[in-house]
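Using the numbering used here, you'd call the opening residue of the sequence shown number 12 and step up by one each time.
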Amino acid sequence: MTATSSTLPTPPGQLGLPWIGETVSFLRDPDFMDKRQQQYGPIFKTHIFGSPAIVAIGPEANRFLFANENKYFVVTWPYSTRTLLGPASLSTQAGDVHKSRRKILAQAFQPRALAGYIPEMTNITRRYVEKWEKMGTLTWYPELRQYTFDVACKLLVGIDGATETDLRDWFETWCNGLFTLPIRLPGTKFTRALNCRQKLLDRIEKIIRDRQKQADPGNDTLGILLQARDDDGNTLSVVELKDQILTLLFAGHETLTSATTSFCLKLAQYPEVLEKARTEQQQFDSETPPTFEDLKQMTYLDRVMKEVLRVVPPVGGGFREVIQTCEFNGYQIPKGWSVFYQIGRTHFDEAVYPQPRDFDPDRFEEDKPTFSHIPFGGGMRECLGKEFARLEIKLLAIELLRNYEWELLPSQDLEMEMIPTPRPRDGLRVGLRRRSD
Ligand code: HEM
Numbered sequence: 012m013t014a015t016s017s018t019l020p021t022p023p024g025q026l027g028l029p030w031i032g033e034t035v036s037f038l039r040d041p042d043f044m045d046k047r048q049q050q051y052g053p054i055f056k057t058h059i060f061g062s063p064a065i066v067a068i069g070p071e072a073n074r075f076l077f078a079n080e081n082k083y084f085v086v087t088w089p090y091s092t093r094t095l096l097g098p099a100s101l102s103t104q105a106g107d108v109h110k111s112r113r114k115i116l117a118q119a120f121q122p123r124a125l126a127g128y129i130p131e132m133t134n135i136t137r138r139y140v141e142k143w144e145k146m147g148t149l150t151w152y153p154e155l156r157q158y159t160f161d162v163a164c165k166l167l168v169g170i171d172g173a174t175e176t177d178l179r180d181w182f183e184t185w186c187n188g189l190f191t192l193p194i195r196l197p198g199t200k201f202t203r204a205l206n207c208r209q210k211l212l213d214r215i216e217k218i219i220r221d222r223q224k225q226a227d228p229g230n231d232t233l234g235i236l237l238q239a240r241d242d243d244g245n246t247l248s249v250v251e252l253k254d255q256i257l258t259l260l261f262a263g264h265e266t267l268t269s270a271t272t273s274f275c276l277k278l279a280q281y282p283e284v285l286e287k288a289r290t291e292q293q294q295f296d297s298e299t300p301p302t303f304e305d306l307k308q309m310t311y312l313d314r315v316m317k318e319v320l321r322v323v324p325p326v327g328g329g330f331r332e333v334i335q336t337c338e339f340n341g342y343q344i345p346k347g348w349s350v351f352y353q354i355g356r357t358h359f360d361e362a363v364y365p366q367p368r369d370f371d372p373d374r375f376e377e378d379k380p381t382f383s384h385i386p387f388g389g390g391m392r393e394c395l396g397k398e399f400a401r402l403e404i405k406l407l408a409i410e411l412l413r414n415y416e417w418e419l420l421p422s423q424d425l426e427m428e429m430i431p432t433p434r435p436r437d438g439l440r441v442g443l444r445r446r447s448d
């Protein structure tokens with residue numbers, strides 16, 4: 012039931028100290044959410060990042076939030092993130108503008124566009140895997156970080172070997188400012204990130220201008236977006252295109268680094284899953300890059316990927332601001348508060364996933380209830396690059412499964428560090444070699 016005003020109580024929970032609320036314990040205590048969920052149940056209130064917030068866990072809560080985007084809820088980001096992403100970023104846009112821009116950007120992630128990305132993605136993947144083979148032993152996380160950056164830069168804007176250029180440092184410095192205090196003094200993380208944002212935008216602008224002079228705009232994301240139109244025939248301006256490209260580079264890089272790292276880790280930890288996934292690959296020609304049709308037939312690989320993204324979702328959840336008071340499950344959700352939806356906790360719901368801590372791809376043999384598996388969010392703000400991400404994870408997995416074996420090196424800390432995205436503390440140290448048979 013919903014209403015513009017409400018006499019229902021707000022959910023149980025504590026608002027903590029004035030102004031600071033519970034922010035300090037939220038940031039310091041890794042069990043903050045678990046403890047409150049145990050004490051109050053799947054919907055509770057707290058006070059974090061300067062405003063009262065409601066944490067809502069589970070498929071029904073997700074459905075309520077995703078279905079009421081722009082009606083009761085609107086996306087919200089900390090000031091530093093908003094400023095560094097820029098006013099024309101899809102992630103910060105809302106309402107009709109968001110809808111129309113999303114329609115344009117989505118054209119770069121249609122099946123036909125994705126199929127066009129396969130050969131180049133496969134080339135970069137093979138180059139990297141061969142490099143890792145030569146290294147023999149390696150710390151995989153930083154390598155996968157370079158790999159996903161090179162893939163993103165090549166596929167999105169056509170830059171070769173981006174990790175070898177200034178772009179990489181600018182991008183890292185820019186990323187480091189996204190979730191910091193927005194203090195504009197010389198030398199702060201935020202100021203350095205702002206400077207790097209300008210350098211990145213200048214470089215992206217140059218790439219756009221050069222591309223506009225070419226007869227064929229190309230079939231990478233930029234090429235597609237230069238030709239894309241909304242329903243009224245409008246194209247994206249250069250100013251907007253720059254912010255959107257930067258957003259895509261960001262959204263696609265950090266998350267995929269975490270996802271591919273977790274994939275490699277889980278397969279090393281579960282040899283029987285790895286063997287089953289390898290056996291599936293034997294049905295396909297190992298020399299040629301897989302086609303879209305081949306990928307659809309790799310149902311076991313799909314389940315493994317789903318299970319990896321269930322147990323280690325790269326994004327933990329999302330914030331929304333309540334723009335109109337509403338009611339959910341007998342509680343009032345007051346205007347002006349935040350709502351924090353929970354991806355990881357949704358994925359550990361025992362009612363949907365018995366023994367949720369077990370890693371068991373076969374649990375996806377049957378479909379799961381809507382909004383119970385949400386690594387990519389849901390509704391009108393669902394991840395725009397979802398299929399791009401799934402493609403990249405699968406292409407890397409296929410190359411590794413078909414031709415390589417890897418093992419975890421001893422004496423390493425595999426505890427997960429959660430911020431900014433999950434990864435093993437020691438960066439996943441492995442030995443990797445080509446398979447002999
Ligand atoms: C495994 C990899 C990825 C994961 C887990 C992931 C996850 C997510 C999630 C959870 C959201 C929704 C956030 C919210 O509800 O507030 C989101 C949004 C978004 N993602 Fe991804 N993402 C991934 C890869 C990518 C890639 C590769 C791209 C682009 C190349 C991308 C582009 C975006 C964009 C543009 C949005 C904002 C959509 C909107 O607000 O309309 N993501 N992603």
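For every residue, glycine included, the Cβ atom is placed at its ideal position computed from N, Cα and C.
Values in this document were obtained by computation on a predicted structure and should not be read as measured data.
Around the beta carbon of Phe375, 16 or more other beta carbons sit within 10 angstroms, so the residue counts as buried. Comparing C-alpha distances from Pro386 to each of Tyr364, Ser62, Thr357, Asp378 shows the shortest one belongs to Thr357. According to DSSP, residue pairing for Gly442 in a beta bridge involves Thr148, Glu418. A distance below 7 Å between beta-carbons, with the five flanking residues on each side excluded, links Gly329 to the following residues of its chain, in chain order: Tyr352, Gly388. For the ligand HEM, no non-hydrogen atom lies closer than 6 Å to the CB of Ser273. Residue pairing by DSSP puts Ala64 in a beta bridge opposite Thr57, Ser349. By the C-beta criterion, the region 120 to 128 is judged to be in contact with the region 393 to 409, since at least 3 inter-stretch pairs fall below 8 Å. The count of Cβ pairs closer than 8 Å, one atom from the region 218 to 231 and one from the region 81 to 98, stays below three, leaving the stretches out of contact. Annotation for Gln343: the continuous beta strand (DSSP E) segment containing it runs 342 to 344. Counting other Cβ atoms within 10 Å of its Cβ, Ala362 stays below 16 and is therefore classed as exposed. Ala105 and Ile256 have their alpha carbons spaced roughly 18 Å apart. Beta-bridge partners of Met132 (DSSP): none assigned.
In this structure, the ligand HEM has no non-hydrogen atom nearer than 6 Å to the beta-carbon of Ala78. From the listed residues Ser17, Ile354, Leu420, the smallest Cα separation to Trp151 is found for Leu420. Taking the Cβ of Leu205 as the reference point, every heavy atom of the ligand HEM lies at 6 Å or farther away. The DSSP-derived three-state label of Arg434 is strand.
For Leu166, the secondary structure class from DSSP, reduced to helix, strand or coil, is helix. Collapsing the DSSP output to three states places Gly244 in coil. The alpha helix (DSSP H) runs lying completely inside the region 175 to 260 and spanning 4 residues or more are 177 to 188, 200 to 224, 232 to 238, given in chain order. With contacts defined as CB atoms closer than 7 Å, Ser269 and Pro325 qualify as a contacting pair. Fewer than three beta-carbon pairs drawn from the region 268 to 282 and the region 106 to 119 are found closer than 8 Å, and the two stretches are therefore not classed as touching. Distance from the CA of Val333 to the CA of Asn414, rounded to the nearest whole angstrom, comes to 50 Å. DSSP places Arg113 within a helical segment (H, G or I) once states are collapsed to three. For Cys394, the shortest C-beta to heavy atom distance toward the ligand HEM is below 6 Å.
Of all alpha-carbon atoms in Trp88, Gln293, Lys253, the one lying nearest the alpha-carbon of Pro193 is that of Trp88. In this structure, Leu101 lies near Thr258, with their beta-carbon atoms less than 7 Å apart.
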